[in-house]
Amino acid sequence: MVTVRTFNIRWVKLLVSASACFTLTVLCTGYVLSKLMSTNLVHVLDRRVDRSLGDQFSEEVQRFPDTFWHEFAPSRQSTNEHNQIILIRRPKGIDLDPKPVTLVANISLAGLGLAGSELPASRPPQCVLLGFGKCGTSALLEFLDLHPQIVTLDWEIDYFCERMYPKYDLQWYVQRMPPSYSDQITIEKSPCYIVEHDSHIRMHAMNSSLKIMVIIRDPITRLLSEYGHYYATETYWGRPAVSFEERVYNHKTKEFRTAQILKVGDYSPHFEHLLKVFPRNQILIIDGDKLVTDPLSQVRLVEEFLGLQHEVSKQDIYFDNAKGFFCMKLRNSGETKCLGKSKGRQHVQIDANFKKKLIEFFAPYNEQFFKLVGQKFDWLK
Ligand SMILES: Nc1ncnc2c1ncn2[C@@H]1O[C@H](COP(=O)(O)OS(=O)(=O)O)[C@@H](OP(=O)(O)O)[C@H]1O
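Note that the UniProt record's numbering numbers the sequence shown so that position 80 is 80, with each residue one more than the last.
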């Protein structure tokens, strides 16, 4: 009898402390969330506003926590009846479309000395970088972002690809573009666009005068880069990775694994389709190998293609010995910025005989590509 009562009391105690813990957790989470939503209101609007307002604005700014993306531009539509700036943000995470959080900034346009002036807004891109993956798409975009008249989306939205297009409409796409002024050019890059041919048609339907950029590089270097990515992924997940040779060549049949190599490495079929959709003068081909050794030469090509002044200069970049690549010097802050660890990996060394085989394998595909685009590249050495 005594034992049963002791047992019951113990259970009641346990239940009480468990529910107290639960209530405390709920209360704490609620408090933290409400703090996040109410106090950290304003983020730097954009580079130009930030620059024009200088320190005075920066002092007023309370940075929004890093766990939130800057979602929409504070555009005309996103100022409220009190002329306050409204920011819409969503938590960072894997979910591509979580519910955004709307926040009213604690400052007004007039308070910023911006009454009546144009505010940056999300606009459809006037130029898209279609790929090819592993050819330097991120580096190109980072260098272009140094241009005051260029605004770039810093993630791959893949909107025109099959994975996204049926799910989202144009408004969804445009709203995700970074804030820009009407005299700026918005660029986004998604490497799936070049190999998924329906994307070409979908982009043309959005804007038939869209400017198209495609970056290519020596297909063997591209293949090595792709292998580096595969190796890093397998290692990360603790899975065994096959050697480069094994991945691209079947030693039993003594044949290259063409499905693996040519899916992206044969550039011609993708260009053939692109040229059926967009006129050649709307397409700019960037040399990914030159982007590594002389990034300014390729940035200049883009500036001319987009009808912009040459703004990005030697002062904006430097060669970083530790990274082994060119990096950026940011004009506003004086800070330096290199691409992350997953860009600029060391490539595996390949045996000279195997490289010869690869060169012979790719040669006819490259010749066909040079003919198609009327341009030669210094590849296969
Ligand atoms: N400045 C600078 N810094 C770092 N990396 C640079 C740079 N310029 C070009 N590259 C080359 O870009 C290669 C990655 O290409 P992508 O960004 O197109 O890759 S991805 O498809 O988006 O994953 C990457 O390939 P890996 O060297 O294999 O990592 C680089 O060779």
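We put the beta carbon where it would ideally sit given N, CA and C, even for glycine.
Given the structure is predicted, the values throughout are model-derived calculations rather than measurements.
What's the gap between the Cα of serine 38 and the Cα of methionine 177? Within the sequence shown, the letter at position 38 stands for residue 38. Within the sequence shown, the letter at position 177 stands for residue 177. Here serine 38 scores only 34 on pLDDT, less than 50, and its place in the model should not be relied on; the value that follows carries that caveat. Distance between the alpha carbons of serine 38 and methionine 177 is about 25 angstroms.
So, for leucine 141: in the same chain, excluding its five sequence neighbours on each side, which residues have a beta-carbon less than 6 angstroms away from its beta-carbon? Start at 1 with the first residue of the sequence shown, and residue 141 comes out as number 141. Cβ within range, chain order: Thr152 and Lys189.
Can you grab the Cα-Cα spacing for the pair glutamate 303 / valine 174, in whole Å? For this step, residue 303 is matched to residue 303 along the sequence shown. For this step, residue 174 is matched to residue 174 along the sequence shown. So the two alpha carbons sit approximately 23 angstroms from each other.
Could you check if valine 248 belongs to the surroundings of ligand 1, using beta carbon to heavy atom distance under 6 angstroms? Looking up residue 248 in the sequence shown gives position 248. False, no ligand heavy atom lies under 6 angstroms from that Cβ.
Spatial neighbours of glycine 228 within its chain, please: C-beta separation below 8 angstroms, excluding the five flanking residues on both sides. For the purposes of this step, residue 228 is taken as the residue at position 228 of the sequence shown. Around glycine 228: Arg345, Gln346, His347 and Val348.
What's the C-alpha gap between phenylalanine 369 and glycine 265? Within the sequence shown, the letter at position 369 stands for residue 369. Within the sequence shown, the letter at position 265 stands for residue 265. Each residue's Cα considered, the two are about 11 angstroms apart.
Taking the C-alpha atoms as reference points, what is the distance between phenylalanine 160 and arginine 123? For the purposes of this step, residue 160 is taken as the residue at position 160 of the sequence shown. For the purposes of this step, residue 123 is taken as the residue at position 123 of the sequence shown. If I take the Cα positions, the gap works out to 16 angstroms.
From which residue to which residue does the beta strand (DSSP E) around lysine 211 run? To locate residue 211, count along the sequence shown from 1; it is residue 211. Segment 211-216, the beta strand (DSSP E) holding lysine 211.
Beta-ladder partner(s) of lysine 329, from DSSP: Taking the sequence shown and counting its residues from 1, one reaches residue 329 at position 329. Partner(s): Thr336.
Between isoleucine 286 and glutamine 298, which are expected to be in contact by the criterion C-beta below 8 angstroms, what is the C-beta distance as a whole number of angstroms? Residue mapping note: residue 286 aligns to position 286 of the sequence shown, counting from 1. Residue mapping note: residue 298 aligns to position 298 of the sequence shown, counting from 1. Indeed, because the Cβ distance is near 5 angstroms, the residues count as touching under 8 angstroms.
Please name the residue, chosen from Glu245, Tyr230 and Gln171, that lies closest to glycine 238 on a Cα-to-Cα basis. Counting from one through the sequence shown, the residue named residue 238 turns up at place 238. Selected option, being the one with the closest Cα: Tyr230.
Residues in the same chain with beta-carbon distance under 6 angstroms from isoleucine 261, minus the five sequence neighbours each way, listed in chain order, please. What you label residue 261 is simply residue 261 of the sequence shown in a count that begins at 1. The residues are Val248.
Report buried or exposed for lysine 376, applying the criterion of at least 16 other Cβ atoms within 10 angstroms of its Cβ. Here residue 376 is taken as the residue at index 376 of the sequence shown, counted from 1. By the neighbour-count rule (16 or more Cβ atoms within 10 Å), lysine 376 is not buried but exposed.
Between lysine 371 and ligand 1, is there a pair consisting of the residue's CB and a ligand heavy atom that are separated by less than 6 angstroms? By one-based count along the sequence shown, residue 371 stands at place 371. No, the beta carbon of lysine 371 sits no closer than 6 angstroms to any heavy atom of ligand 1.
With DSSP collapsed to three states, give me the class of serine 180. As a position in the sequence shown, residue 180 is number 180, starting the count at 1. DSSP places serine 180 in strand when its eight states are reduced to three.
Does the segment 267-276 come close enough to the segment 202-210 to have 3 or more Cβ pairs within less than 8 angstroms? no
Does the beta-carbon of arginine 217 have 16 or more other beta-carbons within 10 angstroms, so that it is buried, or is it exposed? Position 217 of the sequence shown, counted from the first residue, corresponds to residue 217. When all chains shown are included, arginine 217 counts as buried.
Proximity to tryptophan 155 [Cα-Cα], best of Val373, Ser138, Leu144 and Met164: Against the sequence shown, residue 155 aligns to sequence position 155. Closest option to tryptophan 155, Cα to Cα, is Ser138.
Using beta-carbon positions only, say whether glutamine 149 and leucine 308 come within less than 7 angstroms of one another. In the sequence shown, counting from the first residue as 1, residue 149 sits at position 149. In the sequence shown, counting from the first residue as 1, residue 308 sits at position 308. For glutamine 149 and leucine 308, yes; Cβs fall inside 7 angstroms.
Endpoints, alpha helix (DSSP H) assigned at valine 299: Taking the sequence shown and counting its residues from 1, the one referred to as residue 299 is at position 299. 295-305 is the span of the alpha helix (DSSP H), which, as asked, contains valine 299.
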